[in-house]
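Chemist: I am attaching a structure below and will ask some questions about it afterwards.
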Amino acid sequence: MNKQVILFLSVAWLFMLSGCQEGKKGVGADDPLQYVDPFIGTGFHGHTFPGATVPYGMVQLSPDTHLEGWDACSGYHYEDSVIYGFSHTHLSGTGIGDLGDVLFLPYSRTKEKKPVATFKKEEEAASPGYYKVKLDNFGVTAELTATKRVGLHRYGFEDKEDRNLMLDLSHILQANWGHRMVENRFKMVDAQTIEGVQRTSGWAQDHLVAYRAEFSEPFKDWKVIMNGKESKQKEFTAEEAIVHFQFDASDKPLIIKVAISPVDTRGAALNMKEELPGWDFNRTMKLAKAEWRDALKGIKIKTKDKVVKTNFYTGLYHCMMAPVTWQDVDGRYRGMNKEIMQAPEGFTNYTVFSLWDTFRALHPLMTILNPDKATEWSEALVQKYSEGGVLPKWPLASNYTGTMVGYPAVSVMADVVAKGLYTGDLDDWLEAAVTSATYQPGIVEKFKGTREAAVMPKHIFYKETLGWVPCDKLPESVSYGLEMAYYDWCVAKIAEAAGDKKTAAAFMKKSEYYKTYFDKESGLMRGKNEDGSWRTPFRPRYSSHEESDYVEGNAWQWSFFVPHAPEGMIGLYDNPEQFEAMLDTLFTTDSSIEGEKASGDITGLVGQYAHGNEPSHHMAYLYNYTASPYKAQERLDQIMREFYLPEPGGIIGNEDCGQMSAWYVMSAMGFYQVCPGDPTYTTGRPLVDKAVITVPGGKFEIVAHNNSPENKYVKELRLNGKKLDKPFFTHDDIMKGGKLEFFMSDAR
Numbered sequence: 160m161n162k163q164v165i166l167f168l169s170v171a172w173l174f175m176l177s178g179c180q181e182g183k184k185g186v187g188a189d190d191p192l193q194y195v196d197p198f199i200g201t202g203f204h205g206h207t208f209p210g211a212t213v214p215y216g217m218v219q220l221s222p223d224t225h226l227e228g229w230d231a232c233s234g235y236h237y238e239d240s241v242i243y244g245f246s247h248t249h250l251s252g253t254g255i256g257d258l259g260d261v262l263f264l265p266y267s268r269t270k271e272k273k274p275v276a277t278f279k280k281e282e283e284a285a286s287p288g289y290y291k292v293k294l295d296n297f298g299v300t301a302e303l304t305a306t307k308r309v310g311l312h313r314y315g316f317e318d319k320e321d322r323n324l325m326l327d328l329s330h331i332l333q334a335n336w337g338h339r340m341v342e343n344r345f346k347m348v349d350a351q352t353i354e355g356v357q358r359t360s361g362w363a364q365d366h367l368v369a370y371r372a373e374f375s376e377p378f379k380d381w382k383v384i385m386n387g388k389e390s391k392q393k394e395f396t397a398e399e400a401i402v403h404f405q406f407d408a409s410d411k412p413l414i415i416k417v418a419i420s421p422v423d424t425r426g427a428a429l430n431m432k433e434e435l436p437g438w439d440f441n442r443t444m445k446l447a448k449a450e451w452r453d454a455l456k457g458i459k460i461k462t463k464d465k466v467v468k469t470n471f472y473t474g475l476y477h478c479m480m481a482p483v484t485w486q487d488v489d490g491r492y493r494g495m496n497k498e499i500m501q502a503p504e505g506f507t508n509y510t511v512f513s514l515w516d517t518f519r520a521l522h523p524l525m526t527i528l529n530p531d532k533a534t535e536w537s538e539a540l541v542q543k544y545s546e547g548g549v550l551p552k553w554p555l556a557s558n559y560t561g562t563m564v565g566y567p568a569v570s571v572m573a574d575v576v577a578k579g580l581y582t583g584d585l586d587d588w589l590e591a592a593v594t595s596a597t598y599q600p601g602i603v604e605k606f607k608g609t610r611e612a613a614v615m616p617k618h619i620f621y622k623e624t625l626g627w628v629p630c631d632k633l634p635e636s637v638s639y640g641l642e643m644a645y646y647d648w649c650v651a652k653i654a655e656a657a658g659d660k661k662t663a664a665a666f667m668k669k670s671e672y673y674k675t676y677f678d679k680e681s682g683l684m685r686g687k688n689e690d691g692s693w694r695t696p697f698r699p700r701y702s703s704h705e706e707s708d709y710v711e712g713n714a715w716q717w718s719f720f721v722p723h724a725p726e727g728m729i730g731l732y733d734n735p736e737q738f739e740a741m742l743d744t745l746f747t748t749d750s751s752i753e754g755e756k757a758s759g760d761i762t763g764l765v766g767q768y769a770h771g772n773e774p775s776h777h778m779a780y781l782y783n784y785t786a787s788p789y790k791a792q793e794r795l796d797q798i799m800r801e802f803y804l805p806e807p808g809g810i811i812g813n814e815d816c817g818q819m820s821a822w823y824v825m826s827a828m829g830f831y832q833v834c835p836g837d838p839t840y841t842t843g844r845p846l847v848d849k850a851v852i853t854v855p856g857g858k859f860e861i862v863a864h865n866n867s868p869e870n871k872y873v874k875e876l877r878l879n880g881k882k883l884d885k886p887f888f889t890h891d892d893i894m895k896g897g898k899l900e901f902f903m904s905d906a907r
């Protein structure tokens with residue numbers, strides 16, 4: 160998009176935003192909710208949704224406006240003007256779609272079997288825990304809010320005599336990508352209550368969600384449409400169906416409570432009884448907002464720049480969409496073995512771990528903001544190993560999807576261990592890590608013929624037997640090889656903490672396999688054949704999605720991924736100056752991408768640096784390992800200002816369950832963790848003038864003196880009054896409380 164157009168849209172969106180905020184009553188000036196805009200990321204390819212949820216809620220109740228293709232991943236795209244209905248589960252910012260369970264649509268003025276609503280953008284609004292839209296063609300105003308496991312709908316009808324509701328049990332997102340409805344079991348309990356179970360197959364191979372819906376008033380009539388025929392069935396099992404309800408004339412809004420469960424309808428009923436026994440929509444909305452306010456208050460920032468403040472708190476909001484609670488109030492959940500499990504006291508099961516993305520910044524950020532939650536997530540990952548026999552890399556609704564690279568769960572686990580957050584017995588953790596990092600034919604056979612088989616790819620076999628992944632045998636060989644070297648370092652760190660020196664040494668040796676891919680002549684990481692020769696010809700800008708040597712990128716975008724050994728990576732070059740020159744070239748070379756099937760994930764280009772996808776996220780910070788940290792400050796300033804805008808298209812790539820936002824939140828405060836598992840942070844260029852983080856030791860305060868757009872260079876760093884000679888500090892420095900000061904300047 161043209162930068163002038165981006166600037167115009169950004170200013171226009173801020174004007175609209177500030178106008179809305181000025182109209183709010185009783186909102187304190189320091190209330191973070193007033194700076195959250197759920198529409199940010201719903202345009203371009205951000206793939207977020209604007210609907211109502213609470214932090215890490217099982218219910219994420221949102222309008223579905225987009226059913227097929229890449230921009231249907233969350234069910235919503237900002238450019239759309241139709242609404243198919245409001246469903247209760249969604250994915251935030253992913254590159255693959257699923258969910259969209261249990262869809263309702265209120266309507267008037269039509270006799271269509273499957274009505275579709277239209278709406279205008281000026282009649283749509285969203286804030287944390289609340290969504291509102293007028294369905295223009297039906298004359299219905301829909302409002303949504305939620306608790307953790309229950310969605311609450313309020314529908315106001317202009318036509319008081321014609322009040323109808325559709326439950327679409329054929330609704331699916333991304334049917335063109337193979338997502339399909341498998342089975343519906345429906346039961347009409349009474350004239351105000353229905354319940355059922357939906358089973359679908361898509362990205363999640365075997366996904367089950369049970370539901371119970373209660374209406375604020377009885378319906379006077381209903382009809383079921385199956386296979387094109389109408390009936391009056393009160394109970395049925397079918398692959399697909401549509402149920403229409405008609406209500407008496409009334410001036411009152413129709414209110415619907417919908418509880419869901421990953422187990423059964425009994426679980427859904429218990430969830431509703433526990434979380435939402437009443438019908439007070441306004442009170443429920445206020446409680447949802449209070450949850451968000453409490454979740455976001457962990458960081459308070461000071462800046463005169465409204466763009467920064469809006470981006471920051473919206474980013475923090477997006478960081479709390481996932482992982483998702485996937486357990487009923489009675490502790491039951493569906494495990495990775497598809498059996499019903501009973502959670503032990505204190506354990507919570509979670510799903511929607513976008514681990515390949517989120518291990519980089521989302522999980523490290525949460526070790527600071529919510530260390531208890533960070534530990535819970537690691538425990539949930541280890542529990543998934545005990546249920547399914549291998550750690551997941553993208554678990555979704557009790558399913559292994561096998562999506563993305565390697566075994567990134569070990570990064571999340573190693574970081575929790577390195578920061579002293581988990582102090583229990585590490586034997587199970589180490590077993591889970593070693594098993595998942597070693598080729599397991601039994602796992603391959605167990606999942607044979609399913610999507611889940613990708614959780615144990617052949618890349619691991621070659622890493623273990625050959626020492627590298629041969630590019631003439633498997634695609635994406637270099638990306639897998641580099642990431643597995645880092646993951647094996649993480650396994651080694653878990654083994655060290657567990658006191659297993661032999662295992663630690665074995666995996667530490669494998670963590671050096673990154674060197675195998677380094678081509679000294681080009682200075683880049685390159686595909687190597689089984690016989691040890693390089694793949695030729697070598698085209699560093701070439702990308703072919705899922706077919707080349709690199710995942711969602713090219714040689715430039717992968718050659719600097721050695722987070723666990725930056726000094727070792729620099730040592731591959733003749734001297735540190737040569738490495739710095741290669742980093743310079745990364746950011747300044749031509750941005751053209753070669754290849755007819757180049758990955759659509761390559762966005763946000765500065766030279767060949769691609770901020771729209773995760774492998775690049777640590778690269779600007781690598782300048783801190785050179786003699787020119789000021790170059791990191793320049794690039795970080797550019798990335799934050801150009802690729803994060805307070806508008807629907809303001810996120811430059813898939814949000815990926817909080818990773819894009821977590822990068823911004825940390826970077827805007829002025830620091831980042833290059834290597835999860837090593838509890839060291841490196842500094843950058845803070846955009847905020849001040850940030851105060853609540854930590855166990857009290858407060859960790861970050862102050863940027865003389866900060867401005869022009870003063871983007873760090874002249875001096877002080878930690879608790881003591882000058883830092885190098886741009887690094889530790890996790891303990893944050894958690895015990897203190898003060899980090901940046902003294903900014905316009906001079907390099």
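In the working numbering, the protein residues as written are 160 to 907. Glycine included, C-beta positions come from ideal geometry on N, C-alpha and C. Here the structure is a predicted model, which is why all the values come from computation and not from measurement.
Taking C-beta to C-beta, are Leu250 and Cys816 nearer than 9 Å?
Modeler: Cβ atoms of Leu250 and Cys816: closer than 9 Å.
Chemist: Under the rule that 16 or more other beta-carbon atoms within 10 Å means buried, what is Ser420, buried or exposed?
Modeler: Its Cβ being crowded by 16 or more others within 10 Å, Ser420 is buried.
Chemist: How is Thr224 classed by DSSP in three states: helix, strand or coil?
Modeler: If DSSP states are grouped into helix, strand and coil, Thr224 belongs with coil.
Chemist: Candidates Gly658, Phe738 and Tyr639: which alpha carbon is nearest Lys679's?
Modeler: Measuring from the Cα of Lys679, the nearest candidate turns out to be Phe738.
Chemist: For the alpha helix (DSSP H) that contains Phe746, what are its first and last residues?
Modeler: Looking at the DSSP string, the run of the alpha helix (DSSP H) that includes Phe746 is Pro735 to Thr747.
Chemist: Which residues share a DSSP beta bridge with Pro554?
Modeler: DSSP lists Tyr559 as partners of Pro554.
Chemist: Taking 8 Å as the cut-off, does the stretch 336–352 touch the stretch 387–397 (at least 3 CB pairs, one atom from each stretch)?
Modeler: The answer is yes - the stretch 336–352 touches the stretch 387–397, with three or more Cβ pairs under 8 Å.
Chemist: Identify whether Ser570 lies in helix, strand or coil by the three-state DSSP scheme.
Modeler: The answer is helix: DSSP assigns Ser570 an H, G or I state.
Chemist: Given that a residue counts as buried once 16 or more other Cβ atoms are within 10 Å of its Cβ, and exposed if not, what is Gln357?
Modeler: Gln357 should be labelled buried.
Chemist: Nearest by alpha-carbon distance to Gly601: which of Ser867, Pro696 and Lys617 is it?
Modeler: Minimum Cα distance to Gly601 is reached at Lys617.
Chemist: Since I believe Tyr782 is in contact with Pro774 (beta carbons under 8 Å), could you give me their beta-carbon distance rounded to a whole number of angstroms?
Modeler: At roughly 17 Å, the Cβ-Cβ gap does not stay under 8 Å, so Pro774 and Tyr782 are not in contact.
Chemist: Under 9 Å between the Cβ atoms of Asp257 and His338?
Modeler: Yes.
Chemist: Using CA atoms only, rank isn't needed, just tell me which of Met643, Met572 and Leu446 is closest to Tyr289.
Modeler: It is Leu446 whose Cα lies nearest to the Cα of Tyr289.
Chemist: Nearest-angstrom Cα distance between Phe888 and Leu367?
Modeler: Near 45 Å, if we compare the C-alpha coordinates of Leu367 and Phe888.
Chemist: According to DSSP, is Arg526 helix, strand or coil?
Modeler: Note that residue 526 is Thr in the sequence shown, not Arg. In this structure, Thr526 counts as helix in the three-state DSSP scheme.
Chemist: Buried or exposed: where does Gly809 fall if 16 or more other Cβ atoms within 10 Å of its Cβ makes it buried?
Modeler: Buried, by the Cβ-count rule.
Chemist: Check Tyr909 in the structure and name its three-state DSSP category.
Modeler: Lying before the first or after the last residue shown, residue 909 is absent from the chain, which here runs from 160 to 907.
Chemist: Among the residues of its own chain, which have a CB less than 6 Å from the CB of Pro807, if the five just before and after it don't count?
Modeler: Result list for Pro807: Phe198, Thr201, Gly202 and Tyr237, in chain order.
Chemist: Using DSSP with H/G/I as helix, E/B as strand and the rest coil, what is Ile893?
Modeler: Of the three classes helix, strand and coil, the one that applies to Ile893 here is helix, per DSSP.
Chemist: Which residues does DSSP list as the beta-bridge partners of Val309?
Modeler: In the DSSP output, where bridge partners are listed per residue, Val309 has Ala418.
Chemist: In its own chain, which residues sit with a C-beta less than 7 Å from the C-beta of Lys183, not counting the 5 before and 5 after it?
Modeler: With a pLDDT of 41 at Lys183, under the threshold of 50, the predicted position of this residue should be treated as unreliable, and no value is reported.
Chemist: Alpha carbon to alpha carbon, how far is Lys578 from Phe720? Give it in angstroms, no decimals.
Modeler: Whole-angstrom Cα-Cα distance: 22 Å.
Chemist: In chain order, what residues of the same chain lie with their CB nearer than 6 Å to the CB of Val292, ignoring the 5 residues before and after it?
Modeler: Here the set comprises Phe278, Glu283 and Ala301.
Chemist: Taking Asn688 as the reference, which of Tyr676, Pro287 and Pro699 has the closest Cα?
Modeler: Checking every option, the nearest Cα to that of Asn688 belongs to Tyr676.
Chemist: I'd like the span of the alpha helix (DSSP H) that includes Val824, first residue to last.
Modeler: Gln818 to Met828 is the extent of the alpha helix (DSSP H) around Val824.
Chemist: Taking DSSP as the reference, what is the three-state secondary structure of Ile458?
Modeler: Ile458 falls in the strand class under three-state DSSP.
Chemist: Distance, Cα to Cα, Val541 vs Gln818?
Modeler: C-alpha separation (whole angstroms): 22 Å.
Chemist: So, helix, strand or coil for Ile602, using DSSP?
Modeler: Ile602: helix per DSSP, three-state reduction.
Chemist: Ordered along the chain, which non-local residues of its own chain (more than five positions away) have a Cβ less than 8 Å from that of Leu876?
Modeler: Closer than 8 Å at Cβ, skipping near neighbours: Thr842, Lys882, Leu883, Pro886, Leu899, Glu900, Phe901 and Phe902.
Chemist: Can you list, in chain order, the residues of its chain whose CB lies under 7 Å from that of Asp796, leaving out five sequence neighbours each side?
Modeler: Arg844 and Lys871, listed in sequence order.
Chemist: Does the separation of the CB atoms of Ser286 and Val195 fall below 9 Å?
Modeler: Yes, Cβ-Cβ distance for Ser286 and Val195 is below 9 Å.
Chemist: Please state whether the Cβ-Cβ distance between Pro209 and Tyr243 is less than 9 Å.
Modeler: Result no, Cβ atoms of Pro209 and Tyr243 do not sit closer than 9 Å.
Chemist: Report the partner residues of Phe901 according to the DSSP bridge assignment.
Modeler: In the DSSP output, where bridge partners are listed per residue, Phe901 has Ala863 and Leu876.
Chemist: Going by CA-CA distance only, name the one from Pro436, Asn386, Asp423 and Glu376 that's closest to Ile414.
Modeler: Selected option, being the one with the closest Cα: Glu376.
Chemist: In terms of residue numbering, what span does the alpha helix (DSSP H) encompassing Pro725 cover?
Modeler: Start and end: Pro725 to Ile729.
Chemist: Between which two residues does the beta strand (DSSP E) holding Pro788 run?
Modeler: That residue, Pro788, is in no beta strand (DSSP E); its alpha helix (DSSP H) goes Pro788 to Phe802.
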